[in-house]
Each structure stands twice: as structure tokens, then as C-alpha cells.
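Asks:
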Amino acid sequence: MSRAARRRLVLTIGSPLLLLLIWHLVTTQGLVAAIILPPPAGAFAALQDMLVRGYSGVPLITHLGASLARVGVAYVFGAALGTLAGLLRGRSTGFDAVMLVPSEIIRPIPPLGLIPLFILWFGIGELSKILLIGLAVFMVMMVNAQAGTRAAGLDSLRAAQCMGASRWQVFRFVVLPSALPQIMTGLRVAMGTALSILVASELLGGDRGLGFIVLDASSFFRTTYVFAGVILIGLIGLLSDRGLALAARRIVHWEGRR
Amino acid sequence: MAGRKLLQFERVGFQYDGRDILRDLSFDIAAGELLVLLGPSGCGKTTILNLIAGFLTATSGYAFVDGRVIEAPGPDRGVVFQSAALFDWMNVADNIAFSLRCAGRPKVEQRAVAREMAALVGLAGHEAAFPYQLSGGMRQRVGLARVLAARPKMMLMDEPFAALDVQTREALQEEMLRLRDATGCTIVFVTHSIEEAVFLGDRILLLTEARRGAFREYQVSLPAPRWTPENRLHGDFLALRGQVYRDMRARQAA
Numbered sequence: 001m002s003r004a005a006r007r008r009l010v011l012t013i014g015s016p017l018l019l020l021l022i023w024h025l026v027t028t029q030g031l032v033a034a035i036i037l038p039p040p041a042g043a044f045a046a047l048q049d050m051l052v053r054g055y056s057g058v059p060l061i062t063h064l065g066a067s068l069a070r071v072g073v074a075y076v077f078g079a080a081l082g083t084l085a086g087l088l089r090g091r092s093t094g095f096d097a098v099m100l101v102p103s104e105i106i107r108p109i110p111p112l113g114l115i116p117l118f119i120l121w122f123g124i125g126e127l128s129k130i131l132l133i134g135l136a137v138f139m140v141m142m143v144n145a146q147a148g149t150r151a152a153g154l155d156s157l158r159a160a161q162c163m164g165a166s167r168w169q170v171f172r173f174v175v176l177p178s179a180l181p182q183i184m185t186g187l188r189v190a191m192g193t194a195l196s197i198l199v200a201s202e203l204l205g206g207d208r209g210l211g212f213i214v215l216d217a218s219s220f221f222r223t224t225y226v227f228a229g230v231i232l233i234g235l236i237g238l239l240s241d242r243g244l245a246l247a248a249r250r251i252v253h254w255e256g257r258r
Numbered sequence: 259m260a261g262r263k264l265l266q267f268e269r270v271g272f273q274y275d276g277r278d279i280l281r282d283l284s285f286d287i288a289a290g291e292l293l294v295l296l297g298p299s300g301c302g303k304t305t306i307l308n309l310i311a312g313f314l315t316a317t318s319g320y321a322f323v324d325g326r327v328i329e330a331p332g333p334d335r336g337v338v339f340q341s342a343a344l345f346d347w348m349n350v351a352d353n354i355a356f357s358l359r360c361a362g363r364p365k366v367e368q369r370a371v372a373r374e375m376a377a378l379v380g381l382a383g384h385e386a387a388f389p390y391q392l393s394g395g396m397r398q399r400v401g402l403a404r405v406l407a408a409r410p411k412m413m414l415m416d417e418p419f420a421a422l423d424v425q426t427r428e429a430l431q432e433e434m435l436r437l438r439d440a441t442g443c444t445i446v447f448v449t450h451s452i453e454e455a456v457f458l459g460d461r462i463l464l465l466t467e468a469r470r471g472a473f474r475e476y477q478v479s480l481p482a483p484r485w486t487p488e489n490r491l492h493g494d495f496l497a498l499r500g501q502v503y504r505d506m507r508a509r510q511a512a
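If you're matching them up, the sequences are chains A and B in order. Just so you know, we're using my numbering here: the first sequence kicks off at 1 and counts up by one. Just so you know, we're using my numbering here: the second sequence kicks off at 259 and counts up by one.
(1) Does DSSP classify T317 (chain B) as helix, strand or coil?
(2) If you compare alpha carbons, which of B:A376, B:I287, B:V294 and B:N308 is closest to L465 (chain B)?
(3) Give the C-beta separation of I183 (chain A) and T83 (chain A) to the nearest angstrom, bearing in mind that I take them to be a contact with Cβ-Cβ under 8 Å.
(4) With burial defined as no fewer than 16 other Cβ atoms inside 10 Å of the residue's Cβ, what is the status of I35 (chain A): buried or exposed?
(5) Check distances from the C-beta atoms of the region 147-174 of chain A to those of chain B and list, in chain order, the residues that come in under 8 Å.
(6) Would a C-beta distance cut-off of 8 Å place R188 (chain A) and A147 (chain A) closer than the cut-off?
(7) Quick one: residues in its chain with C-beta nearer than 7 Å to the C-beta of Q431 (chain B), no 5 flanking neighbours on either side, listed in chain order?
(8) Who are the near neighbours of T304 (chain B) in its chain, counting only those whose CB is closer than 7 Å to its CB and skipping five residues on each side?
(9) If you measure from the beta carbon of S240 (chain A) to each beta carbon in chain B, is any gap under 8 Å?
(10) Out of curiosity, what's the CA-to-CA distance linking F95 (chain A) and A247 (chain A)?
(11) With a threshold of 8 Å between beta carbons, is R257 (chain A) in contact with chain B?
(12) Determine, for P181 (chain A), whether the minimum Cβ-Cβ distance to residues of chain B falls below 8 Å.
(13) Please classify Q340 (chain B): does DSSP put it in a helix, a strand, or coil?
(14) Quick check on G256 (chain A): buried or exposed, where buried means 16 or more other Cβ atoms within 10 Å of its Cβ?
(15) Does the count of Cβ pairs from the region 304-323 of chain B and the region 399-418 of chain B closer than 8 Å reach three?
(16) Identify which residue in B:I328, B:G395 and B:R399 has its Cα closest to the Cα of M375 (chain B).
(17) Taking Cβ-Cβ distances shorter than 8 Å, what residues in chain A pair up with A361 (chain B)?
(18) Tell me where the beta strand (DSSP E) around K263 (chain B) begins and ends.
(19) Measure the C-alpha to C-alpha separation of W254 (chain A) and D346 (chain B) and round it to an integer number of angstroms.
(20) Going by C-alpha to C-alpha distance, which of B:G380, B:A288 and B:L292 sits closest to F322 (chain B)?
(21) Would you list the one or two residues that DSSP bridges to L283 (chain B)?
(22) When the cut-off is 8 Å and only beta carbons count, does G332 (chain B) lie next to chain A?
(23) Under three-state DSSP, which class holds V71 (chain A)?
(24) Output the boundary residues of the alpha helix (DSSP H) element that contains M184 (chain A).
(25) Since L265 (chain B) and D286 (chain B) are thought to touch, with beta carbons under 8 Å apart, how far apart are those beta carbons, to the nearest angstrom?
(26) Between the Cα of V379 (chain B) and the Cα atoms of B:V270, B:V405 and B:Q391, which residue gives the shortest distance?
(27) R326 (chain B) by DSSP, collapsed to three states: which one?
(28) Would DSSP call T224 (chain A) helix, strand or coil?
(29) Closest to A43 (chain A) by CA distance: which of A:L180, A:R250 and A:F227 is it?
(30) Any Cβ of chain B within less than 8 Å of the Cβ of P177 (chain A)?
(31) Can you check whether the C-beta of W23 (chain A) is within less than 8 Å of a C-beta belonging to chain B?
(32) Please go through the same chain and pick out, in chain order, the residues whose beta-carbon is closer than 6 Å to the beta-carbon of E202 (chain A), but skip the five residues on each side of it.
(33) Looking at chain B, is there any beta carbon in it that lies within less than 8 Å of the beta carbon of W254 (chain A)?
(34) Should G401 (chain B) and V338 (chain B) be called a contact, given that it needs their Cβ atoms to be closer than 8 Å?
(35) Taking the Cβ atom as the reference point for each residue, do V478 (chain B) and I452 (chain B) lie within a distance shorter than 8 Å?
(36) Contact criterion: CB-CB distance below 8 Å. Does D346 (chain B) meet it with respect to chain A?
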């Protein structure tokens with residue numbers, strides 16, 4: 001391992017450890033009340049308790065599975081449709097004109113504001129939750145994919161045309177690959193968005209999920225369990241982001257090397 | 259020289275933002291000829307190339323290739339760009355075989371042509387490399403190979419060697435002349451370098467006044483084979499280079 005890589009590793013692992021240490025010191029020196037900010041040990045004890053005994057009579061793995069399934073389904077569908085819509089908007093001025101006003105009116109509405117409507121329209125079951133997350137993912141991906149379609153250089157587009165590429169082939173072999181770096185970045189942003197809306201979506205009733213744990217524990221002032229739930233969501237975010245970043249480096253291997 | 263006219267410009271004009279870039283420009287290119295369009299930046303030489311390629315459309319007059327009005331880009335007119343404009347997401351073989359892939363040729367043929375063309379431009383063994391792993395000169399060789407793979411009637415070259423260092427540039431100039439002897443391809447070559455124009459061209463159009471429909475024309479006669487580096491020191495080479503230089507300066511002063 002090179003000096004620079006070792007340094008990077010030390011800093012990457014060191015910074016969260018330092019944060020934990022500060023958290024530990026602040027809470028054990030009696031600077032804040034445990035009900036406001038419990039010590040890390042308390043949060044980990046809550047996590048351990050949930051691992052062994054579950055939360056509200058349901059095993060932790062079931063909560064985890066419920067949340068992952070919601071985020072997963074919403075993410076896959078939202079990302080696929082959003083990317084498709086963004087690419088179409090980038091390639092067709094007509095479609096872009098049709099989508100412009102509706103999507104820009106819907107995009108700034110916070111998901112929390114949509115919850116009452118989604119309950120009215122889709123009930124309090126899985127469908128509302130998945131649609132709420134999926135809509136946010138869709139919006140992020142549409143913006144990124146559309147911006148990506150403009151990344152292809154004029155010379156590259158012309159080169160493809162003068163080698164006999166049809167309109168579809170120009171899209172498939174030049175526009176789409178040029179858009180991939182931006183699409184991969186969009187996928188990472190959208191994953192963060194999806195996880196942050198997970199908690200809000202689980203406000204829509206139900207008794208399963210990490211968001212449910214956080215909300216339920218907070219209403220009973222079981223702050224250690226709130227932290228345990230938040231930490232789990234954060235860890236999912238960290239792992240999925242690293243996975244996506246690693247995949248992006250392999251898929252868009254040419255990025256930054258031109 | 260076969261003498262058959264492959265390209266004809268008949269009083270071609272091109273306006274942009276209401277300004278004349280080219281006006282009433284007429285000239286021919288014979289099949290097999292290497293024509294150099296020479297001039298400082300902004301003289302309209304790249305516009306002429308883009309009109310031939312079909313990237314731009316004449317706002318007046320007619321441009322013909324093989325007797326047909328140019329309407330759109332096509333694989334009969336391959337372009338080599340200064341930026342090489344390779345597809346970074348494809349390896350060398352896929353870049354070279356791109357035109358065959360678009361034409362729906364079988365994979366086996368694509369691979370065979372890629373190997374053949376890579377060898378022709380001196381890139382044998384680099385088929386699996388990606389463009390970002392190549393030097394500037396090698397990237398430009400890929401740019402040449404992928405155009406040759408389409409077996410075009412004409413190659414249009416837009417200052418392809420301008421961004422390279424002198425040694426690489428001269429090596430590629432000689433290589434290009436060798437390829438041209440081997441393929442008999444008609445070439446339109448755009449450059450701002452008088453030296454490059456005289457070393458490469460069969461004929462040179464000096465385009466300092468293209469927006470007024472005028473240009474100056476020079477025939478180049480240097481010993482064959484034209485790729486001999488010795489030609490760079492030949493008396494006729496030096497004489498023509500001097501003459502073009504004086505004409506260019508005189509027109510810029512006027």
C-alpha cells in the first residue's frame with residue numbers, strides 16, 4: 001500500500017472514531033441529559049437488545065427486511081423510470097416541453113407534504129410508501145440523466161454520424177455512454193434521498209421498518225433506540241454508497257482519465 | 259491522377275449570424291487527389307470541411323460529392339478530428355470497427371478489420387487498450403484507422419496533427435502519405451501550417467479571402483515517394499514554402 005493510500009485509510013477510519021470519542025466524552029461528562037443525547041454505549045446496548053429480542057415483538061431482521069424491500073423496490077423502479085424520462089427529455093424537445101412544467105412544480109414539494117394526499121389516494125399500505133420514495137428517486141434521476149445527455153462532445157457526435165451511425169446508434173453508442181458518469185452520480189444522490197425519505201414514508205402507518213422503530217421509540221422517549229435505528233439507516237447508506245461508488249468506477253472506467 | 263471529379267463546389271456560400279463566412283466559392287477535387295486547405299484561423303477552412311462532411315449545409319450554391327448534392331454526413335466521407343474524438347468507453351478494436359458495427363456487419367468481420375487496420379497504422383497489439391491509455395499520437399492513429407475501416411471515398415482531416423509534438427507530427431505526416439499511397443484515398447486536409455501544407459499536398463488552396471470568394475492555388479511537385487523525409491529539404495519544397503509564406507503575409511497586410 002502506498003503512503004498516500006495508507007494516509008487515506010487512517011483518515012477514513014480515524015474521523016468516525018474521533019466523532020465517537022467526542023460523543024462519548026460529551027455524554028459521560030454530564031454535559032447533556034441522556035434523554036436528549038444518550039452515550040454511544042447506550043445506543044449500542046439498544047442495538048444489541050434489538051438484535052437479541054427484536055423491537056415491539058418483531059425481530060430486527062424483519063424490520064430491516066421491510067425497510068430494505070421498500071427502498072429497494074422504490075429505488076429500482078424510480079431510478080429506471082427517472083433515467084428513461086431524463087434521457088427522453090434530453091433527446092426530444094417535444095417530450096421535454098411536455099414534462100417541464102409538471103415536473104418542476106412537483107419536484108420542490110417536500111415528501112412530507114405529499115403524505116396526506118398519498119394516504120387519501122393510495123391508503124396506508126406498502127403502495128403509498130413505495131410511491132413516496134419512488135417519486136423522489138424518479139425526480140433526482142430525471143434531472144441527472146437529462147443533464148447527462150448534454151455531456152457528449154460535438155466532435156464525438158459528428159464522428160459517429162460520419163461513420164454511418166443512425167439516430168438510435170448515435171444515442172446508444174455515444175450519448176448514453178457520455179451520460180453514464182452523471183447517471184452514476186445521480187444514482188448515489190438518489191440512494192441518499194431514498195433512505196432519508198424512508199423514515200417519512202414509514203410515518204404512513206404500519207408496524208415494521210427502521211423508520212417505524214425511530215418514530216415509535218421517539219414518541220416514547222426511548223432515545224437510545226432512536227439512535228440505534230438512525231445508526232442502522234446510516235450504515236445502510238454508507239454501504240450502499242460505497243457499493244455504488246465502486247460500481248461507478250468500474251462502469252465508467254474512463255472518467256477523469258481523458 | 260484519375261482526373262474524375264469527386265467533389266465539386268459551385269458558388270458555395272455559407273452565412274452565419276448574417277455574416278458571410280464563405281461566398282461564391284468554386285473548386286473541384288479529383289479522385290485520388292490530396293488537397294490542402296491552408297489559412298489562418300477564422301479563414302473558413304474548417305467551415306469548408308464541415309460542408310463537405312455534411313455537418314453544415316451551404317446557405318447558397320451547391321456542393322456535390324460524386325455528382326450528388328451533399329445533404330448529410332455519411333460513411334463515404336470519413337472525418338479525422340484534431341481532438342481525435344475517440345469513444346473513451348470503447349477499446350481500440352471497437353473504436354476502429356465502429357462503422358462496421360453500425361452497418362450491422364458480423365462480429366468476426368469487425369474483429370478481422372480492426373486487426374487489419376490496427377496493423378496498418380502501426381497499432382498491432384494495442385487492440386484491447388482504451389483510448390485514455392494511449393499517447394496523443396497513438397490516439398490520432400486510431401482516428402485514422404477507424405475512418406479507413408469504413409473504406410470511404412474521401413478522408414476529411416481537420417488539423418489532425420496540430421496538437422502533437424513536432425517529432426510525432428512529422429512521423430504521422432509521413433505515415434499518412436504512405437497510407438494514402440496504399441489506399442488511393444482522396445484526402446482534404448485542413449491546416450494552418452505552410453510547411454505541412456507543402457509537404458502533404460498535391461494542391462494547396464490558400465484561403466485568406468474565402469469570405470470574398472477568392473483563394474490562391476498552388477500545384478505541388480515533389481519527388482515520389484512523397485513520404486520521403488528528404489523532401490522536407492528539397493529545393494522545390496523550400497521555394498514553394500517561401501512563396502506561399504510571402505503571399506500569405508502580403509494578403510494579411512492588404
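For every residue, glycine included, the Cβ atom is placed at its ideal position computed from N, Cα and C. All values derive from a computational prediction rather than experimental measurement.
Replies: Looking at the coordinates:
(1) Looking at T317 (chain B) - three-state DSSP - the assignment turns out to be coil, as it is neither helix nor strand.
(2) Closest option to L465 (chain B), Cα to Cα, is B:V294.
(3) Contact between I183 (chain A) and T83 (chain A) holds: their C-beta atoms lie close to 6 Å from each other, under 8 Å.
(4) It is exposed - the Cβ of I35 (chain A) has fewer than 16 other Cβ atoms within 10 Å.
(5) Answer in chain order: G153, D155, S156, R158, A159, A160, Q161, C162, M163, G164, A165, S166, Q169, F173 and V174.
(6) With respect to A147 (chain A), R188 (chain A) sits apart: the two C-beta atoms are not nearer than 8 Å.
(7) F419, E454, F457 and L458.
(8) So the list reads D416 and V448, once near-sequence residues are dropped.
(9) So no, S240 (chain A) is outside the interface.
(10) Pairing F95 (chain A) with A247 (chain A), the inter-Cα distance amounts to about 31 Å.
(11) By this cut-off, R257 (chain A) is an interface position.
(12) For P181 (chain A), the answer is no, since every Cβ of chain B falls outside 8 Å of its Cβ.
(13) Correct three-state label for Q340 (chain B): coil.
(14) The residue is exposed, with fewer than 16 neighbouring Cβ atoms inside 10 Å.
(15) Verdict: yes, contact present.
(16) It is B:R399.
(17) For the C-beta of A361 (chain B), the chain A residues within less than 8 Å are, from N- to C-terminus, G164.
(18) Where K263 (chain B) is concerned, the enclosing beta strand (DSSP E) starts and stops at K263 to Y274.
(19) Their backbone Cα atoms lie some 6 Å apart in a straight line.
(20) Nearest C-alpha to F322 (chain B): B:A288.
(21) Bridge partners of L283 (chain B): B:V270.
(22) At a cut-off of 8 Å between beta-carbon atoms, G332 (chain B) makes contact with chain A.
(23) Here V71 (chain A) sits in helix by DSSP.
(24) For M184 (chain A), the enclosing alpha helix (DSSP H) begins and ends at L176 to S201.
(25) Contact holds; Cβ gap of about 7 Å.
(26) Per the Cα distances, B:V405.
(27) Taken through DSSP and simplified to helix, strand or coil, R326 (chain B) comes out as strand.
(28) Of the three classes helix, strand and coil, the one that applies to T224 (chain A) here is helix, per DSSP.
(29) When each option's Cα is compared against that of A43 (chain A), the closest is A:F227.
(30) Judged by the 8 Å Cβ criterion, P177 (chain A) is in contact with chain B.
(31) Output row for W23 (chain A): interface = no.
(32) Taken in chain order, the residues that qualify are G209, G211 and F212.
(33) Proximity of W254 (chain A) to chain B, defined by a Cβ-Cβ separation below 8 Å, is satisfied.
(34) With contacts defined as CB atoms closer than 8 Å, G401 (chain B) and V338 (chain B) qualify as a contacting pair.
(35) No; because the gap between Cβ atoms is not below 8 Å, this pair is not in contact.
(36) Between D346 (chain B) and chain A, the shortest Cβ-Cβ separation is below 8 Å.
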